[in-house]
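Visitor: Please read through the structure below; I'll follow up with questions.
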Amino acid sequence: MKILVTGGLGFIGSHTVVELQNQGFEVLIIDDLSNSSEKVIDGIVAITGKKPLFEKIDLKEKSKVENFFKKHTDVKGVIHFAASKAVGESVEKPLLYYENNIGTLVYLLKELAKKNKASFIFSSSCTVYGQADKMPITEDAPVKTAESPYGNTKQMGEEIIADTCKVVPALNAIALRYFNPMGAHPSAEIGELPIGVPQNLVPFITQTGVGMREQLSVFGDDYPTIDGTCVRDYIHVVDLAKAHVIALKRLLEDKNDANYEVFNLGTGKGSTVLEVVKSFEKVSGKKLNYKIVDKRAGDIIEAYANTEKANKVLGWKAESTLDEAMKSAWDWEVKIRS
Ligand code: UD1
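With the first letter of the sequence shown counted as 1, position 315 gets the number 318 in our numbering; the numbers rise by one all the way through.
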């Protein structure tokens with residue numbers, strides 16, 4: 004069965020392609036290579052022994068999207084990762100983010116709406132909850148005003164899909180709200196490849212560990228948490244990737260309860276920044292050079308998932324511990340820098 008994965012050469016996309024191929028799906032990848040590399044295909048082949056079909060397409064080019072679907076009429080499902088994801092950049096260039104993340108979503112949905120049946124998985128984020136009032140966060144927690152255009156594109160994306168599903172019965176969709184993805188495939192054949200200085204915690208830590216960065220700045224230590232640093236729910240990217248395949252199969256096999264559903268994907272466990280640093284030191288055997296600095300504007304205090312819905316309804320649970328995820332991130336970093 005043919006599945007289109009947009010952004011399939013990116014961090015979460017490439018790990019999902021591996022899990023799809025491991026389960027026998029035929030994968031077509033669309034990626035514009037704006038934040039990825041064609042070399043990722045070699046890693047996917049090394050793990051699965053199968054080469055996915057790849058087309059370099061910028062989804063902002065509507066006619067190319069139309070042509071793709073004309074050529075591949077037998078695509079049964081789409082997992083849509085392709086999007087811009089840098090929070091700070093989105094504040095500087097809001098229109099770029101609305102065009103990249105919203106325009107492209109609309110073009111894809113227009114094509115799927117032409118089909119007799121289509122299954123769509125959307126890459127959403129826990130960022131839609133902002134600073135939730137209650138921990139752990141359930142799916143029915145209110146969606147808060149977005150802090151950035153990036154966050155807004157995830158909220159608007161969910162609304163666009165929900166509205167479309169209401170009037171296109173042939174379209175079934177699931178939005179997956181990720182907490183903090185980290186790690187790499189245990190083979191170290193694929194992993195995270197941030198361009199420039201990483202904004203996210205884990206790649207900054209591993210790059211500091213290999214000597215590419217001088218020091219980690221820990222943003223604030225007087226938050227109301229156990230050690231004063233922010234709490235997040237760090238989830239191994241392979242666990243996350245597996246959840247996408249389960250969600251897709253739910254739609255393909257008509258097991259969904261509604262034609263638009265939302266699930267949190269996290270471990271259910273919160274970890275502070277300093278606990279993440281300790282995990283790095285434990286699995287790498289290295290001391291990490293870090294210092295406490297001012298808070299980062301826009302950071303929330305804590306966010307971790309209530310995973311009951313995904314556990315019960317999808318039958319999915321994150322398996323990896325923080326240390327296991329960190330070990331995979333470290334092995335990958337060491338491999339690509341050696
Ligand atoms: C960030 C985005 C979020 C996005 C997610 C994607 C913001 C405010 N939020 O989430 O919208 O969906 O990335 O992965 O940018 N930290 C440090 N030093 C660093 C980097 C991070 O102390 O150099 C801390 C942060 O303060 C935070 C934690 O580490 O407490 C995690 O940060 P990060 O990896 O950027 O993720 P989020 O802020 O949760």
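A virtual CB, placed ideally from N, CA and C, is assigned to each residue, including glycine.
Would you report the Cα separation of Gly13 and Ser39, rounded to the nearest angstrom?
Guide: Residue numbering aside, residue 13 sits at position 10 when the sequence shown is read from its first letter. Residue numbering aside, residue 39 sits at position 36 when the sequence shown is read from its first letter. Computed Cα separation, rounded: 5 Å.
Visitor: Give me the DSSP bridge partner(s) of Met329.
Guide: Stepping through the sequence shown from its first residue, residue 329 is reached at position 326. For Met329, which the question treats as bridged, DSSP gives no partner whatsoever.
Visitor: Kindly indicate which three-state DSSP category Ser341 falls into: helix, strand or coil?
Guide: On the sequence shown, residue 341 is found 338 positions in, with the first residue counted as 1. The answer is coil: DSSP assigns Ser341 none of H, G, I, E or B.
Visitor: I'd like the ranges of any alpha helix (DSSP H) spanning at least 4 consecutive residues and lying wholly in the segment 195-234.
Guide: 204-212
Visitor: With 16 as the cutoff for other CB atoms within 10 Å, does Ile50 come out buried or exposed?
Guide: As a first step, residue 50 must be located in the sequence shown, where it is residue number 47. Its Cβ being crowded by 16 or more others within 10 Å, Ile50 is buried.
Visitor: In the DSSP assignment, the beta strand (DSSP E) including Asn160 goes from what residue to what residue?
Guide: Here residue 160 refers to the residue found at position 157 of the sequence shown. The sequence shown places Gly at residue 160, rather than the Asn named in the question. Segment 152-170 is the alpha helix (DSSP H) holding Gly160; no beta strand (DSSP E) there.
Visitor: Could you compute how far the alpha carbon of Ala135 sits from the alpha carbon of Cys129?
Guide: What you label residue 135 is simply residue 132 of the sequence shown in a count that begins at 1. What you label residue 129 is simply residue 126 of the sequence shown in a count that begins at 1. Taking the straight line from one Cα to the other gives about 10 Å.
Visitor: Helix, strand or coil for Ala49 per DSSP?
Guide: Against the sequence shown, residue 49 aligns to sequence position 46. Looking at Ala49 - three-state DSSP - the assignment turns out to be helix.
Visitor: What does His83 pair with, by DSSP beta-bridge criteria?
Guide: For this step, residue 83 is matched to residue 80 along the sequence shown. According to DSSP, which records beta bridges pairwise, His83 is partnered with Thr9, Phe125.
Visitor: Where does Ser93 fall in DSSP's three states?
Guide: Your numbering for residue 93 matches position 90 in the sequence shown. The answer is helix: DSSP assigns Ser93 an H, G or I state.
Visitor: Can you list, in chain order, the residues of its chain with a C-beta nearer than 6 Å to that of His239? Leave out the 5 residues immediately preceding and following it.
Guide: If you number the sequence shown from 1, residue 239 lands on position 236. Hits under 6 Å: Gly186, Ser323, Ala328.
Visitor: Once the 5 residues before and after Lys338 are set aside, which same chain residues still bring their CB inside 7 Å of it?
Guide: On the sequence shown, residue 338 is found 335 positions in, with the first residue counted as 1. Apart from the 5 residues on each side of it in sequence, Lys338 sits with its Cβ closer than 7 Å to the Cβ of Ala191 in its chain, given in chain order.
Visitor: Expressed to the nearest angstrom, what Euclidean distance is found between the alpha-carbon atoms of Lys57 and Leu255?
Guide: Position 54 of the sequence shown, counting from 1, holds the residue named residue 57. Position 252 of the sequence shown, counting from 1, holds the residue named residue 255. Sequence inspection shows Phe at residue 57; the Lys mentioned does not correspond to that position. Computed Cα separation, rounded: 23 Å.
Visitor: Can you have a look at Thr350 and say buried or exposed, based on whether 16 or more other CB atoms are within 10 angstroms of its CB?
Guide: It is not possible to answer for residue 350, since the shown part of the chain is limited to 4 through 341.
Visitor: Could you work out which residue in Thr209, Val276, Gly273 is closest to Asp334 when comparing CA atoms only?
Guide: The residue labelled residue 334 in the question sits at position 331 within the sequence shown. Checking every option, the nearest Cα to that of Asp334 belongs to Thr209.
Visitor: Distance check for Asp224 and Lys53, CA to CA, integer angstroms please.
Guide: Along the sequence shown, one-based indexing puts residue 53 at 50. Along the sequence shown, one-based indexing puts residue 224 at 221. In a straight line, the C-alpha of Lys53 is about 47 Å away from that of Asp224.
Visitor: Could you tell me which residues DSSP pairs with Ile32 in its beta bridges?
Guide: Locating residue 32 in the sequence shown gives position 29, where the first residue counts as 1. Beta-bridge partners of Ile32 (DSSP): Val8, Phe57.
Visitor: Rounded to whole angstroms, how far is the Cβ of Asn262 from the Cβ of Asn175, which I believe are closer than 8 Å?
Guide: In the sequence shown, counting from the first residue as 1, residue 262 sits at position 259. In the sequence shown, counting from the first residue as 1, residue 175 sits at position 172. With a Cβ gap of about 5 Å, Asn262 and Asn175 count as contacting.
Visitor: Since Ala308 and Pro139 should fall inside the 8 Å C-beta cutoff, what is the C-beta to C-beta distance between them, to a whole number of angstroms?
Guide: Within the sequence shown, numbered from 1, the residue matching residue 308 stands at position 305. Within the sequence shown, numbered from 1, the residue matching residue 139 stands at position 136. The Cβ separation is near 6 Å, so the contact holds.
Visitor: Quick check on Lys294: does DSSP put it in helix, strand or coil?
Guide: Here residue 294 is taken as the residue at index 291 of the sequence shown, counted from 1. Reduced to three states, the DSSP call for Lys294 is strand.
Visitor: Would the C-beta of Gly223 count as close to the ligand UD1, meaning under 8 Å from any of its heavy atoms?
Guide: As a working note, residue 223 is residue 220 in the sequence shown. Within the chosen limit of 8 Å, the ligand UD1 reaches the beta carbon of Gly223 through at least one heavy atom.
Visitor: Can you find a heavy atom of the ligand UD1 that lies under 8 Å from the Cβ of Ala308?
Guide: Stepping through the sequence shown from its first residue, residue 308 is reached at position 305. Checking the Cβ of Ala308 against the ligand UD1 gives no.
Visitor: Kindly list the residues whose CB is nearer than 8 Å to the CB of Ala313, restricted to its own chain and excluding five residues on each side of it in sequence; keep chain order.
Guide: If you number the sequence shown from 1, residue 313 lands on position 310. So the qualifying residues of the chain are Ala246, Phe266, Asn267, Leu268, Trp319, Lys320.
Visitor: Run the proximity test for Glu92: is its beta-carbon closer than 8 Å to any non-hydrogen atom belonging to the ligand UD1?
Guide: To locate residue 92, count along the sequence shown from 1; it is residue 89. Outside the cutoff, so no.
Visitor: Cβ of Glu150 versus every heavy atom of the ligand UD1: is any distance shorter than 8 Å?
Guide: As a working note, residue 150 is residue 147 in the sequence shown. At least one heavy atom of the ligand UD1 lies less than 8 Å from the C-beta of Glu150.
Visitor: Spatial neighbours of Thr107 within its chain, please: C-beta separation below 7 Å, excluding the five flanking residues on both sides.
Guide: Mapped onto the sequence shown, residue 107 falls at position 104. Excluding sequence neighbours, Thr107 sits near Leu62, Lys63, Ala85.
Visitor: Taking Cβ positions, are Ile304 and Thr228 nearer each other than 9 Å?
Guide: Working through the sequence shown from its first residue, we reach residue 304 at position 301. Working through the sequence shown from its first residue, we reach residue 228 at position 225. Their beta carbons are under 9 Å apart, which means Ile304 touches Thr228 by this criterion.
Visitor: Below 8 Å, is the gap between the Cβ of Leu204 and the nearest heavy atom of the ligand UD1?
Guide: Counting from one through the sequence shown, the residue named residue 204 turns up at place 201. Leu204 has its Cβ nearer than 8 Å to a heavy atom of the ligand UD1.
Visitor: Hey, would you say Val279 sits closer than 9 Å to Val200, going by beta carbons?
Guide: Here residue 279 refers to the residue found at position 276 of the sequence shown. Here residue 200 refers to the residue found at position 197 of the sequence shown. In this structure, Val200 does not lie closer than 9 Å to Val279 by Cβ.
Visitor: Between which two residues does the alpha helix (DSSP H) harbouring Leu251 extend?
Guide: What you label residue 251 is simply residue 248 of the sequence shown in a count that begins at 1. Looking at the DSSP string, the run of the alpha helix (DSSP H) that includes Leu251 is 240-255.
Visitor: Would you say the beta carbon of Pro184 is closer than 8 Å to some non-hydrogen atom of the ligand UD1?
Guide: Mapped onto the sequence shown, residue 184 falls at position 181. Under cutoff, so the answer is yes.
Visitor: Shortest alpha-carbon distance to Lys289 belongs to which of Val20, Lys330, Leu243, Ser274?
Guide: The residue labelled residue 289 in the question sits at position 286 within the sequence shown. The option with the nearest alpha carbon to Lys289 is Lys330.
Visitor: From Lys65, Ala306, Leu277, Arg299, pick the residue whose C-alpha is nearest to that of Tyr293; which is it?
Guide: The sequence position of residue 293 within the sequence shown is 290, counting from 1. Of the listed residues, the one whose Cα sits closest to Tyr293 is Leu277.
Visitor: Cβ-heavy atom distance between Gly194 and the ligand UD1 below 8 Å?
Guide: Taking the first residue of the sequence shown as position 1, residue 194 is located at position 191. No, the Cβ of Gly194 stays beyond 8 Å of every heavy atom of the ligand UD1.
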